Every structure is written in structure tokens, then in C-alpha cells.
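Notes to accompany the following structure.
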Amino acid sequence: MEKRKEMADEVDLDALFKAAQDADPVPSADLMARVLADSVAVQAGFAAQAVPVRTTRGWLAQAKEMVGGWAGASALTAVMCMGLIFGFSAPETVMNFMPGAETAISDAGMEFLDLFEDENLEVGSVS
Amino acid sequence: MMPLDAQSEISDDALMVLFANGDSQAASVLAFRHTPRVLALALRMLGDRAEADDVAQDAMLRLWKVAPDWRQGEAKVSTWLYRVAANLCTDRLRRYSGKRRNDGLDGIPEPADETPSAETVLIQQDRADALQDALMTLPERQRLAVSLRFLKEMPNAEVAEVMDVTVEAVESLLSRGKRALAQALATRRAELGLES
């Protein structure tokens, strides 16, 4: 008896579930408009974060920015000059520029500098 | 731009990627595919059309925002949305506990004349309304489990994922929920044309 009642209840509920599925609400035009408007607003936020700022400045200005402005360019130039001087100078001249450097330079470094002894190049002055 | 006939074949995961990359048509497809589902669940849970609309909009807004971080192949978009909608409904129910309106279901329009098919439509609408009335008497967790399993026809495993519980817990909720529904509807069987 109990089992029959349970089965009857099951059938009843199935009929009701079916009716409810068929009666699923349809979103109103207003709701869909709101949902789509939200999607547009959120997408605009993605675009604003992703697009880099375009510049119309010239290549010189951009190059200057890359090295950190005129101060950075000056420092870079000085370092480059020093590097050239060290590269072409005899070891003794390097030591004159860098007091105490002889103790700091490794044996490998000394061997490297020895390579330039035979070049007999003039030492440039440091500005 | 996607051709219209290709839209139905594109997976939710692919649409999420397209949306995150600025494809507005992907948004339309996702919106029309999923808004009705979350709206239906919200209406079952809240019994109030205006509140259900707000929950549906809120759930879809969260979907839009999560798109850039959406990981393909993990959760299904529909499962994720149902969980978000269920949590939003829970928040509202707890905020407005005690105030319970039931606007019924207005998916089927009123027929203009008395024909057998019109009578069938009316009976179906009465049954849907009666079920909604009975659903609103259930505890929240039973109502959610029953709505997902029998109205959205989700397998138990997916219901468990939405509700973040075990399958056994879902089965228990469904068993108790169906018993409670049958009890709530017992006095209306004749009225609803359910007595043989």
C-alpha cells in the first residue's frame, strides 16, 4: 500500500516537473538589454587595460627615454669612453686611472691586458 | 565575426576566450544561451520575478568579469553560473527572510478562447504554479537540489558540484525534498487533474 502511494506520488511529481519545465520563464527584453550592456561595459574595461599608449614622439626622444634621459645618456657615454680607453691602453696606464686596481684585477685579467702590450698604442687622455 | 550558423557549435569555453579578446558576438551567444537558465533557477529559488531578474543579471555580470581568468577544461560555464546564482539567491533569502512572495510562473500566455488545447495549457500552467507554491515551502537546500535535478535535469554529480556537497548528500536532499513536495501537494491532486 505504501509502495503504491510512493509510486503515485512519483508520477504526480513527474507530471508537475514536466509542466514546470515547459513553463520556464523567458527573459524579458529589458533583462537581456541590461545583461548585454554589462558585457559591453566589461569588455571596454579589458580593452582599456590591454592597449599600450601610442606615442607620436620622434626616434631621438624615444632613444633618449631608453637610456634614462640626458643624464643617463651622459653617463653611458662616459662609461663607453672609459671602456675604449681601457681597451686600448697599456696595463700601466690602466693602473694609473684605477689606483689599487692592480690588486683587484685577477691573473686572468692581467693576461688579457698583456695582449695589448705589443700593440704600442698611444694612450688617449681622459676628458 | 562569427557566422550565425556557427554560433550554436561553439563551446562555452571558446566563447569565453573570444569574449575576453573583445568579440561582442561571443557575448550575445553566451547571454542568450545562459541567461534563461540562471533566470529559471533564480525564480524557482526566490519566487519573485523582479528579484530573479536581478540575480540573473548579477550572475551574468560576474561571468563577464571572470572571462580573462577563465580556465578552459575545468568547470563548465553552466555549472559555474548555477553555483553563482544559487549563492546570490541564498544571500537574498537570508537578507529578506520572512518576506516570501510567489509571483508564479508566467511563461505560458493566456489563451484567447475555450478550446481543448487551451484547457490543456491552463492545466499545465496551474500545475507549474502549484509546483512553485510547493517548492517555496521547502528548506532552501532541498529546493535548490530539486530545482537543479528535476527542473534543469542535471545529473546528481553535477548537482553535487553546483552545491559543493557529495553525491550522497544530494540524494538525501532529493529524497526528502520529493517527500515534502508530495505532502504539500496532497490536497491539490484533484484540482490539478492528478487523480486517476
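Residue numbers (the numbering used here), protein chains in the order written: chain A, 1 to 127; chain B, 1001 to 1196. Even glycine gets a Cβ: it sits at the ideal position worked out from N, Cα and C. Note that the coordinates shown come from a computational prediction; the quantities given were computed from them, not determined experimentally.
Residue 1075(B) is not a Cβ neighbour of residue 1144(B), given a cutoff of 7 Å.
Contact fails between the stretch 10-18 of chain A and the stretch 1021-1041 of chain B, because fewer than three Cβ pairs, one in each stretch, are under 8 Å apart. Counting every other CB atom within 10 Å of its CB across the protein chains shown gives residue 1147(B) a total of 16 or more, marking it as buried. Taking a Cβ-Cβ threshold of 7 Å, the residues of chain A close to residue 1189(B) are 12, in chain order. In the structure shown, the three-state DSSP call for residue 1175(B) is helix. Between residue 1066(B) and residue 1092(B) a beta carbon distance of about 21 Å is seen, past the 8 Å cut, so the two are scored as non-contacting. Pairing residue 1023(B) with residue 1077(B) gives a Cβ-Cβ distance that is not under 7 Å.
Nearest CB-CB separation between residue 20(A) and chain B: below the 7 Å threshold. In the structure shown, the three-state DSSP call for residue 1194(B) is coil. Contacts between residue 84(A) and chain B, judged by CB atoms closer than 8 Å, are missing: the closest CB pair is about 49 Å apart. Among the CB atoms of chain B, none fall inside 7 Å of the CB of residue 4(A). Taking C-beta atoms under 8 Å as the contact rule, residue 1029(B) and residue 1062(B) fail to qualify, at a distance of about 18 Å. Taking 7 Å as the upper bound on Cβ-Cβ separation, chain A lies near residues 1064, 1065 and 1068 of the stretch 1062-1077 of chain B.
Following the DSSP letters along the chain, one finds residue 1148(B) in no alpha helix (DSSP H), marked with neither H nor E. Taken in chain order, the complete alpha helix (DSSP H) segments of 4 or more residues contained in the stretch 1017-1105 of chain B are 1024-1046, 1049-1066 and 1077-1095. The stretch 1148-1158 of chain B and the stretch 39-48 of chain A do not touch, with fewer than three beta-carbon pairs separated by less than 8 Å. Pairing residue 1174(B) with residue 1141(B) gives a Cβ-Cβ distance that is not under 7 Å.
In terms of CA proximity to residue 1094(B), 1046(B) leads the group 1079(B), 1135(B), 1193(B) and 1046(B).
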